[in-house]
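Following the UniProt record's numbering, the numbering of the sequence shown begins with 1 at its first residue and continues without gaps.
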Amino acid sequence: MTDEVNNRGHSRIHMAFGMDFLTIPVASIIPLKTLPPDIRSSRTYSQILTSIKAIGHPIESPAVTADTTNAEQWFLLDGHLRIEAMKELGFTEVECLLAPDDDTYTYNKRVNRIPPIQEHRMIARAMERGVSSADIATALNIQVEAVLRRFRLLDGISPEAAEMLKDTPCSMKVFDILRQMTAVRQIESADLMIGQNNFTVMFARALRAATSENQLVPNKRGKKESRATPSGQQIARMERELAALQTQVKSVEETYGIDNLHLTVARGYIAKLLANSRIVRWMATHQQDYLCEFQKIAEIDPLGSIGKEAST
């Protein structure tokens with residue numbers, strides 16, 4: 001596609017990150033953020049460590065950019081946990097994705113973690129090609145039952161609803177709730193979740209509670225699943241919680257606009273600073289703790305978009 005665009009004369013359009021891979025000594029890669037002291041005890045790190053043990057290399061190559069002041073060093077843009085795991089396992093070299101632009105911030109900002117439906121499709125594709133559920137479980141450091149559950153994620157889910165939710169962070173519990181609804185209601189619920197940008201289990205349960213009996217899937221005995229009618233005590237509790245929520249909303253209405261503006265400006269300024277590779281390199285050398293916190297702030301979704309949605 002890049003060649004086609006260039007042939008049309010749009011020379012200013014280029015790929016931000018190249019497709020070139022380079023085998024680099026692990027010792028020559030300089031991390032640009034400090035990992036938490038207890039990171040090695042986390043589940044994510046354990047999964048990465050196990051998958052590298054199983055297949056001999058990271059599933060996703062780390063991304064690096066060249067150090068213009070030292071030809072024997074590379075700055076790590078993405079893949080800090082993978083590099084840490086490879087160091088623990090004694091690897092001396094790793095194949096990395098080379099970023100042609102000297103940009104230490106943009107890459108990690110553009111990385112999208114795999115949604116559950118895409119994970120399901122990857123597992124299904126692997127199993128179709130003969131990879132056993134046990135091998136997949138070993139690579140992901142999870143139980144075989146968890147792999148099989150992910151494999152059956154879309155059983156009973158409308159293809160239209162699955163297509164709508166394919167890029168969303170819906171958990172498996174959300175799909176368990178949607179599975180209790182008819183196909184039409186699943187589509188309606190998916191549309192509501194996308195519209196509200198709310199993919200939590202609590203919201204899915206609320207949608208199910210608001211679903212009429214004729215839009216619920218019959219159980220194995222051919223009857224509709226019964227739903228308990230809220231008691232007077234539960235209704236009173238919900239009313240108190242709603243009143244408390246309304247009070248909290250009113251308390252922030254007066255200062256929300258100016259606070260939102262200040263935070264948005266601050267986030268934009270920090271993001272602009274991190275787009276300067278020289279500043280990032282200096283902070284990586286002298287103020288790593290500050291750099292780590294600045295990166296977290298810069299990766300927060302723009303507060304302006306939230307304010308705009310709230311006002312519409």
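By construction, the Cβ of each residue, glycine as well, lies at the ideal position given by its N, Cα and C atoms. Quick caveat, the model's predicted, so the values are computed rather than measured.
Residues near residue i by beta carbon distance below 8 Å, same chain, minus five either side
i, result
"I187", "S158, E160, A161 and M164"
"R205", "I177"
"M172", "P116, R149, R150 and L153"
"D155", "R179"
"I137", "Sequence check: residue 137 is Ala here, not Ile. The answer, listed in chain order, is Q143, V144, A146 and V147."
"Q196", "F203"
Sequence-distant residues of its chain with Cβ nearer than 6 Å to residue i (five each side left out)
i, result
"N141", "S46, Q47 and T50"
"K166", "I117"
"C96", "L22, I24, S61, P62 and V64"
"C292", "K33 and T34"
"R8", "The predicted model places R8 with a pLDDT of 41, which falls under 50 and marks its position as unreliable; any figure quoted below should be read in that light. Excluding positions up to five away in sequence, the list is empty."
"D259", "none"
DSSP state of residue i mapped onto helix, strand, coil
i, result
"residue 350", "Within the shown structure, residues of the chain are numbered from 1 to 312, placing residue 350 beyond reach of any answer."
"E188", "helix"
"F75", "strand"
"F199", "coil"
"C96", "strand"
"T65", "strand"
"P159", "helix"
"F151", "helix"
"I59", "coil"
"F21", "strand"
"K296", "helix"
"L216", "strand"
"I142", "coil"
Buried or exposed by the 16-neighbour rule on C-beta atoms within 10 Å, applied to residue i
i, result
"E88", "exposed"
"V280", "buried"
"Q295", "buried"
"G79", "buried"
"A85", "buried"
"F175", "buried"
"T211", "buried"
"S251", "exposed"
"M202", "exposed"
"A244", "exposed"
"S189", "buried"
"residue 316", "Because residue 316 is not part of the residues shown, which for the chain are 1 to 312, the question remains open."
Reference residue i, options the options, closest by Cα
i, options, result
"L153", "I83, E93, V26 and Q118", "Q118"
"E93", "L192, T23 and E213", "T23"
"L207", "M193, P218 and V217", "M193"
"E128", "V201, F151 and E145", "F151"
"H57", "V184, F91 and S132", "F91"
"S277", "A66, M172 and D259", "A66"
"T68", "Q180, I55, I30 and E60", "I30"
"T182", "E213, S171, M202 and F203", "E213"
"D99", "S28, P62 and S132", "Note that residue 99 is Ala in the sequence shown here, rather than Asp. Of S28, P62 and S132, the residue nearest in Cα terms is P62."
"R40", "P25, R82 and N197", "R82"
"D191", "T168, A209, M172 and D135", "T168"
"N70", "S42, S28, R43 and E253", "S28"
"I55", "D135, V26 and S42", "D135"
"I300", "M283, T264 and W282", "T264"
Residues of its chain near residue i, where Cβ-Cβ distance is below 7 Å and the 5 sequence neighbours each way are ignored
i, result
"residue 329", "Since the displayed the chain opens at 1 and closes at 312, residue 329 lies outside it and no answer follows."
"C170", "P116 and F199"
"Q180", "R208, L216, V217 and E225"
(message) Would the region 68-86 count as touching the region 119-130 if we require 3 or more Cβ pairs under 8 Å?
(response) Taking a cut-off of 8 Å for Cβ pairs, the region 68-86 and the region 119-130 do not touch, as fewer than three such pairs fall below it.
(message) Does the region 278-298 come into contact with the region 26-36, if we say contact requires no fewer than three beta-carbon pairs (one atom in each stretch) closer than 8 Å?
(response) Contact between the region 278-298 and the region 26-36 is present, with at least three C-beta pairs closer than 8 Å.
(request) Tell me, please, whether the region 50-65 touches the region 133-152 by the rule of three or more beta-carbon pairs shorter than 8 Å. (result) Between the region 50-65 and the region 133-152 there are three or more C-beta pairs closer than 8 Å, enough to call the two in contact.
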